[in-house]
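Report on the following structure.
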Amino acid sequence: MTDTANLEALRSEVRSFLEAEKPTDWRDASRTQEDFVQTQRDWFARLVQAGYAIPHWPKEFPGGGRSLAEQKVIYEELAKADCPRLLLSFVSTYHAFATLHECASEAQKAQYMPRILEGETWCQGFSEPGAGSDLAALKCKAVREVRDGQEVYVVNGQKIWSTMAQFADMCLLLVRTSSEGVKQAGITYLLMDMKTPGVSVSPIHQIQGDEEFAEIFLDNVVIPVEQRVGEEGKGWAVAQATLASERGLTLMELSYRMRGALSRVASLIREHGREQDRGVLRDFGALVNEVDAVCAIADQFLDNRIKGLERIGDASIVKNSYSRALRAYSKLGVRLGGIDEQYVKPITFGDLNTGNWMADFMNSYAWSIAGGSEEVQRNIIAERMLEMPREPKNWVL
53 MTDTANLEAL RSEVRSFLEA EKPTDWRDAS RTQEDFVQTQ RDWFARLVQA GYAIPHWPKE
113 FPGGGRSLAE QKVIYEELAK ADCPRLLLSF VSTYHAFATL HECASEAQKA QYMPRILEGE
173 TWCQGFSEPG AGSDLAALKC KAVREVRDGQ EVYVVNGQKI WSTMAQFADM CLLLVRTSSE
233 GVKQAGITYL LMDMKTPGVS VSPIHQIQGD EEFAEIFLDN VVIPVEQRVG EEGKGWAVAQ
293 ATLASERGLT LMELSYRMRG ALSRVASLIR EHGREQDRGV LRDFGALVNE VDAVCAIADQ
353 FLDNRIKGLE RIGDASIVKN SYSRALRAYS KLGVRLGGID EQYVKPITFG DLNTGNWMAD
413 FMNSYAWSIA GGSEEVQRNI IAERMLEMPR EPKNWVL
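Start counting the sequence shown at 53; every next residue gets the next number (our numbering).
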């Protein structure tokens with residue numbers, strides 16, 4: 053069979069699975085955080101069993117070893133079928149996997165990678181109140197000691213903006229073990245059990261009612277040296293493997309989901325009798341064109357990656373295009389919904405296109421920041437793609 057025929061056969065296989073197995077009531081089943089977590093765990097387990105949860109993993113794992121073109125087909129079909137996004141397991145299957153696969157010891161890989169497929173949830177302990185965009189400025193301190201004959205790190209500090217940390221079993225943790233030399237040189241990478249004494253988690257209540265992020269407080273937390281990934285003081289290099297984990301497929305999936313959600317805007321137009329309103333139709337047409345353009349940009353980005361033509365900055369273009377389209381989508385929904393959309397309504401946890409227009413609109417602004425702000429992305433595009441001069445250090449108005 054040709055490559056095209058193989059991809060179409062895979063597409064047909066995935067569609068048949070989804071027609072039989074996809075959860076149809078998952079939004080209604082995700083109105084509380086507890087129900088959302090259970091829905092996520094159940095759907096992840098079904099995808100693992102079917103071989104569609106981790107197509108980017110090595111082939112020795114169920115469903116692993118897929119080409120990027122095959123991964124694209126799987127994520128396209130998951131998006132088109134409007135299945136739940138695998139939000140709870142995202143850090144586990146991408147960030148934790150990339151870190152373990154590329155940097156961990158064989159013993160660490162054997163210990164943790166199978167457990168991810170069994171449902172073990174990971175979070176990321178990177179950002180701090182004073183170390184977000186400048187991650188290397190982190191201050192969470194780890195002191196190496198010997199306790200009961202075992203070498204350990206004793207960790208004290210705080211982490212913030214950790215996705216789903218309140219439900220996590222394990223944490224990818226960056227700590228400072230030295231203040232000498234450049235700030236990147238004193239960072240060490242640890243794997244922390246979230247049940248360790250001294251670890252406390254405080255969810256961050258967001259403006260639209262979700263609690264997707266959390267703070268992690270570490271008070272004399274003892275972590276065995278065996279839980280270190282890489283050498284002491286070399287954690288910055290390990291963190292780059294974590295941060296470089298897949299973004300393109302995620303943005304393509306999100307773009308396709310937004311295209312599918314355009315039907316909700318069309319329904320809103322009909323419900324409010326605006327089918328003949330030329331202004332509304334003009335704005336809806338502009339939104340459809342913008343969403344189609346985002347999908348085309350994401351497709352082109354992945355096609356270039358498949359062909360080995362990806363450029364530094366391409367992912368930044370996709371990310372900024374998506375975040376702006378998401379805001380335009382939810383803004384039009386709020387406008388069409390009128391006063392009805394100003395009232396507080398139940399939200400759907402873990403979804404960006406819920407039809408709760410005010411909640412979706414407020415949540416859309418998070419995508420202007422998450423994964424690197426729009427300003428940071430524009431700097432990458434300007435400096436790395438267009439080769440414009442870098443902004444001078446310590447520049448002020």
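Positions of the beta carbon are idealized from the N, C-alpha and C atoms, including for glycine.
*Are the beta-carbon atoms of Val227 and Cys192 separated by less than 7 Å?*
Numbered from its first residue, the sequence shown carries residue 227 at position 175. Numbered from its first residue, the sequence shown carries residue 192 at position 140. Against a cut-off of 7 Å, the Cβ pair of Cys192 and Val227 comes out as a contact.
*Return helix, strand or coil for Leu320, following the three-state DSSP convention.*
If you number the sequence shown from 1, residue 320 lands on position 268. Of the three classes helix, strand and coil, the one that applies to Leu320 here is helix, per DSSP.
*Lys74: which of Gln92, Arg83, Gln85 sits nearest, CA to CA?*
Sequence index remark: in the sequence shown, residue 74 carries index 22 (1-based). Among Gln92, Arg83, Gln85, the Cα nearest to that of Lys74 belongs to Gln92.
*Under a Cβ-count criterion, where at least 16 other Cβ atoms within 10 Å of its own Cβ denotes burial, should Lys359 be classed as buried or exposed?*
Taking the sequence shown and counting its residues from 1, one reaches residue 359 at position 307. Exposed.
*Under 7 Å between the Cβ atoms of Arg199 and Leu242?*
On the sequence shown, residue 199 is found 147 positions in, with the first residue counted as 1. On the sequence shown, residue 242 is found 190 positions in, with the first residue counted as 1. Not in contact: Arg199 and Leu242 (Cβ atoms no closer than 7 Å).
*By how many angstroms is the C-alpha of Thr151 removed from the C-alpha of Thr215?*
Here residue 215 refers to the residue found at position 163 of the sequence shown. Here residue 151 refers to the residue found at position 99 of the sequence shown. Between the alpha carbons of Thr215 and Thr151 lies a gap of roughly 17 Å.
*Rounded C-alpha distance that separates Asp249 from Val206*: Numbered from its first residue, the sequence shown carries residue 249 at position 197. Numbered from its first residue, the sequence shown carries residue 206 at position 154. Asp is not the amino acid found at residue 249; the sequence shown has Pro there. Whole-angstrom Cα-Cα distance: 11 Å.
*Burial state of Glu128 (16 or more Cβ within 10 Å)*: One-based indexing of the sequence shown puts residue 128 at position 76. With at least 16 other beta carbons inside 10 angstroms of its own, Glu128 counts as buried.
*Which residue's Cα is closest to the Cα of Ala194: Gly287, Ala348, Leu333?*
For the purposes of this step, residue 194 is identified with residue 142 of the sequence shown, where counting begins at 1. If we check each option's Cα against that of Ala194, Gly287 comes out closest.
*Could you give the DSSP three-state label for Val273: helix, strand or coil?*
Taking the first residue of the sequence shown as position 1, residue 273 is located at position 221. In the three-state reduction of the DSSP assignment, Val273 falls in the strand class.
*Whether Ser382 touches Ser416 by CB criterion (7 Å)*: In the sequence shown, residue 382 corresponds to position 330, counting from 1. In the sequence shown, residue 416 corresponds to position 364, counting from 1. Their beta carbons are under 7 Å apart, which means Ser382 touches Ser416 by this criterion.
*asked:* DSSP has Ala102 in a bridge; who is on the other side?
replied: Numbered from its first residue, the sequence shown carries residue 102 at position 50. The partner list for Ala102 (beta bridge, DSSP) is empty, contrary to what the question assumes.
*Is it buried or exposed for Glu260, if we count other Cβ within 10 angstroms and need 16 for buried?*
For the purposes of this step, residue 260 is identified with residue 208 of the sequence shown, where counting begins at 1. Note on residue identity: the sequence assigns Gln, not Glu, to residue 260. Buried, since its Cβ has 16 or more Cβ neighbours within 10 Å.
*Near Gly117, what residues of its chain come up, given a Cβ to Cβ distance below 7 Å and the 5 sequence neighbours on each side ignored?*
As a working note, residue 117 is residue 65 in the sequence shown. Closer than 7 Å at the Cβ level, and outside the excluded window around Gly117, lie Pro110, Lys111.
*Using only alpha-carbon positions, find the residue among Asn372, Phe353, Lys371 that is nearest to Arg363.*
Looking up residue 363 in the sequence shown gives position 311. Comparing Cα-Cα distances from Arg363 to each of Asn372, Phe353, Lys371, the minimum goes to Phe353.
_Checking 7 Å against the spacing of the C-beta atoms, do Val125 and Leu224 come in under that value?_
The residue you call residue 125 lines up with position 73 of the sequence shown. The residue you call residue 224 lines up with position 172 of the sequence shown. Contact: no.
*Give the straight-line distance between the Cα atoms of Glu267 and Leu139, rounded to the nearest whole angstrom.*
In the sequence shown, the residue the question calls residue 267 occupies position 215. In the sequence shown, the residue the question calls residue 139 occupies position 87. So the two alpha carbons sit approximately 18 Å from each other.
*Leu438: buried (16+ other C-beta within 10 angstroms of its C-beta) or exposed?*
The residue given as residue 438 occupies position 386 in the sequence shown. Classification for Leu438: exposed.
*Is it buried or exposed for Asn341, if we count other Cβ within 10 angstroms and need 16 for buried?*
Taking the sequence shown and counting its residues from 1, one reaches residue 341 at position 289. Flag for Asn341 reads exposed.
*Can you check DSSP and say which residues form a bridge with Gln258?*
What you label residue 258 is simply residue 206 of the sequence shown in a count that begins at 1. None; Gln258 has no bridge partner.
*asked:* Considering just the uninterrupted stretch of the beta strand (DSSP E) at Glu203, what are its terminal residues?
replied: Working through the sequence shown from its first residue, we reach residue 203 at position 151. That run of the beta strand (DSSP E) goes 202–215.
*asked:* Just to confirm before moving on: does the CB-CB distance between Val204 and Pro276 stay below 7 Å?
replied: If you number the sequence shown from 1, residue 204 lands on position 152. If you number the sequence shown from 1, residue 276 lands on position 224. Yes, the Cβ-Cβ distance between Val204 and Pro276 is below 7 Å.
_Val253 versus Val343, Lys211, Glu232, Phe336, residue with shortest Cα-Cα distance_ = Taking the sequence shown and counting its residues from 1, one reaches residue 253 at position 201. For Val253, the closest of Val343, Lys211, Glu232, Phe336 by C-alpha to C-alpha distance is Lys211.
*Excluding five sequence neighbours on each side, which residues of the same chain lie with their C-beta closer than 7 Å to the C-beta of Asp412?*
Taking the sequence shown and counting its residues from 1, one reaches residue 412 at position 360. Excluding positions up to five away in sequence, the list reads Ser382, Gly385, Leu404, Asn405, Thr406.
_With a threshold of 7 Å between beta carbons, is Asn408 in contact with chain C?_
In summary, chain C is missing from the structure at hand, where a single protein chain is found.
_With the cut-off set at 7 Å, would you say Tyr308 and Ala131 are in Cβ contact?_
Your numbering for residue 308 matches position 256 in the sequence shown. Your numbering for residue 131 matches position 79 in the sequence shown. Their beta carbons are under 7 Å apart, which means Tyr308 touches Ala131 by this criterion.
*asked:* Please return the same chain residues whose Cβ sits closer than 8 Å to the Cβ of Val343, not counting the five positions on each side in sequence.
replied: To locate residue 343, count along the sequence shown from 1; it is residue 291. Closer than 8 Å at the Cβ level, and outside the excluded window around Val343, lie Ser307, Met310, Arg311, Leu314, Ala377, Tyr381.
*Mapping DSSP to helix, strand and coil, what is Cys223?*
Indexing the sequence shown from 1 puts residue 223 at position 171. Under the three-state reduction of DSSP output, Cys223 falls in the strand class.
*Around the Cβ of Asp392, are there at least 16 other Cβ atoms within 10 angstroms (buried) or fewer (exposed)?*
Along the sequence shown, one-based indexing puts residue 392 at 340. Exposed, because fewer than 16 other Cβ atoms sit within 10 Å of the Cβ of Asp392.
*Under a Cβ-count criterion, where at least 16 other Cβ atoms within 10 Å of its own Cβ denotes burial, should Asn408 be classed as buried or exposed?*
As a working mapping, residue 408 is identified with position 356 in the sequence shown. With 16 or more other Cβ atoms within 10 Å, it is buried.
*Work out the CA separation of Val66 and Glu122 for me, nearest whole Å.*
Position 70 of the sequence shown, counted from the start, is the residue given in the question as residue 122. Position 14 of the sequence shown, counted from the start, is the residue given in the question as residue 66. Rounded to whole angstroms, the gap between the alpha carbons of Glu122 and Val66 is 11 Å.
*Within 10 angstroms of its Cβ, does Tyr400 collect 16 or more other Cβ (buried), or is it exposed?*
Along the sequence shown, read from residue 1 onward, the residue named residue 400 stands at position 348. First, the amino acid is wrong: residue 400 is Thr here, not Tyr. So Thr400 counts as buried.
_Quick check on the burial criterion: 16 or more other C-beta atoms within 10 angstroms. Buried or exposed for Lys247?_
The residue labelled residue 247 in the question sits at position 195 within the sequence shown. Exposed: under 16 other Cβ atoms inside 10 Å.
*Report the rounded CA-to-CA distance for Gln85 versus Pro441, giving the unit in angstroms.*
For the purposes of this step, residue 85 is identified with residue 33 of the sequence shown, where counting begins at 1. For the purposes of this step, residue 441 is identified with residue 389 of the sequence shown, where counting begins at 1. Using only the alpha carbons, I get a separation of about 46 Å.
_Backbone CA spacing between Phe336 and Glu158 [nearest angstrom]_ = Position 284 of the sequence shown, counting from 1, holds the residue named residue 336. Position 106 of the sequence shown, counting from 1, holds the residue named residue 158. Those two C-alpha atoms are separated by around 53 Å.
*So the alpha helix (DSSP H) Asp355 belongs to, where does it begin and stop?*
As a first step, residue 355 must be located in the sequence shown, where it is residue number 303. 330–358 is the extent of the alpha helix (DSSP H) around Asp355.
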